[in-house]
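In what follows, a single structure is set out as structure tokens and then discussed.
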Amino acid sequence: MPATRPTRAEPHRAVSALPYLAHYPEALQAQVRAALARGGLAEGLRARYPEAHEVRTDRALYDYVTGLKSRYLRQSEPLSKVAYDPRLHVIRNALGTHTAVSRVQGTRLKAKREIRVASLFKEAPAAFLKMIVVHELAHLKEREHGKAFYALCTHMAPDYHQLEFDLRVWLTVAELPQR
């Protein structure tokens, strides 16, 4: 069944395909569809996450990320670059990335760590920016999304799982046509 999105003629018709929520149980997806059909989901998210952030530049993002890193991951490898990336949301639906650029310097192999965050987070609620940054920082210690990875995420942000779910709902609402 193809995905349907509300149109101007059908403002309350629910979205049948929820790409950001595809890995959640169908019962939870049905609740989101029902909330979309009723309307007011965007207002509910704004009420729940009213706090904006001031992290608008790459320098401010670098300072924000390194502040969290020094608080929770002092022993991890240093970051050489942190930046907003306007291309991220389009490519493989990535909202943030972490990379290690390796170079041979003499007889040693040096790796520079970088974190890139999708530019759409310049306008996102502060809690959602923190969730993405926590996720990417966790990859400095744990490469794979496993039990240890999510334990580290919840160490840095105790409400990590709720933030991730709400972020996915926020992205779903953001992609709906504006009425």
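full-length UniProt numbering numbers the first residue of the sequence shown as 1 and each following residue consecutively. Where is the CB? At the ideal position from N, CA and C, for every residue including glycine.
Boundaries (first-last residue) of the beta strand (DSSP E) holding residue i
{"i": "residue 70", "result": "Run containing residue 70: none in the beta strand (DSSP E); it sits in the alpha helix (DSSP H), 58 to 72."}
{"i": "residue 87", "result": "Neither: residue 87 is in no beta strand (DSSP E) and is coded neither H nor E."}
Cβ shell of residue i (< 6 Å), same chain only, five flanking positions each side left out
{"i": "residue 95", "result": "118 and 132"}
{"i": "residue 72", "result": "156"}
{"i": "residue 160", "result": "153 and 154"}
{"i": "residue 171", "result": "20"}
{"i": "residue 49", "result": "125 and 127"}
{"i": "residue 86", "result": "119"}
{"i": "residue 97", "result": "116"}
{"i": "residue 64", "result": "55"}
Neighbour-count burial assignment, residue i, 16 or more Cβ in a 10 Å radius
{"i": "residue 116", "result": "buried"}
{"i": "residue 125", "result": "buried"}
{"i": "residue 166", "result": "buried"}
{"i": "residue 56", "result": "exposed"}
{"i": "residue 135", "result": "buried"}
{"i": "residue 104", "result": "exposed"}
{"i": "residue 28", "result": "exposed"}
{"i": "residue 33", "result": "buried"}
{"i": "residue 184", "result": "The requested residue 184 is not part of the displayed model; the chain covers only 1 to 179."}
Contacts around residue i, its chain only, beta-carbon distance under 7 Å, and the 5 residues preceding and following it disregarded
{"i": "residue 142", "result": "148, 149 and 152"}
{"i": "residue 89", "result": "95, 118 and 120"}
{"i": "residue 53", "result": "126 and 129"}
Delimiting residues of the alpha helix (DSSP H) encompassing residue i
{"i": "residue 36", "result": "26 to 38"}
{"i": "residue 109", "result": "Residue 109 -> not in any alpha helix (DSSP H); beta strand (DSSP E) instead, spanning 108 to 118."}
{"i": "residue 149", "result": "147 to 156"}
{"i": "residue 41", "result": "41 to 48"}
{"i": "residue 128", "result": "126 to 141"}
{"i": "residue 161", "result": "160 to 174"}
Supposed close pair residue i, residue j - CB separation, criterion 8 Å
{"i": "residue 114", "j": "residue 80", "result": "6 Å"}
{"i": "residue 121", "j": "residue 109", "result": "In fact, because the Cβ distance is near 32 Å, the residues do not count as touching under 8 Å."}
{"i": "residue 61", "j": "residue 173", "result": "With 8 Å as the limit, residue 61 and residue 173 do not qualify as a contact, their Cβ atoms being about 24 Å apart."}
{"i": "residue 137", "j": "residue 77", "result": "The Cβ separation is near 11 Å, so there is no contact."}
{"i": "residue 41", "j": "residue 35", "result": "5 Å"}
{"i": "residue 58", "j": "residue 37", "result": "Contact flag wrong, Cβ pair sits at about 40 Å."}
8 Å Cβ shell around residue i - same chain, five flanking residues per side excluded
{"i": "residue 163", "result": "127, 128, 130, 131 and 157"}
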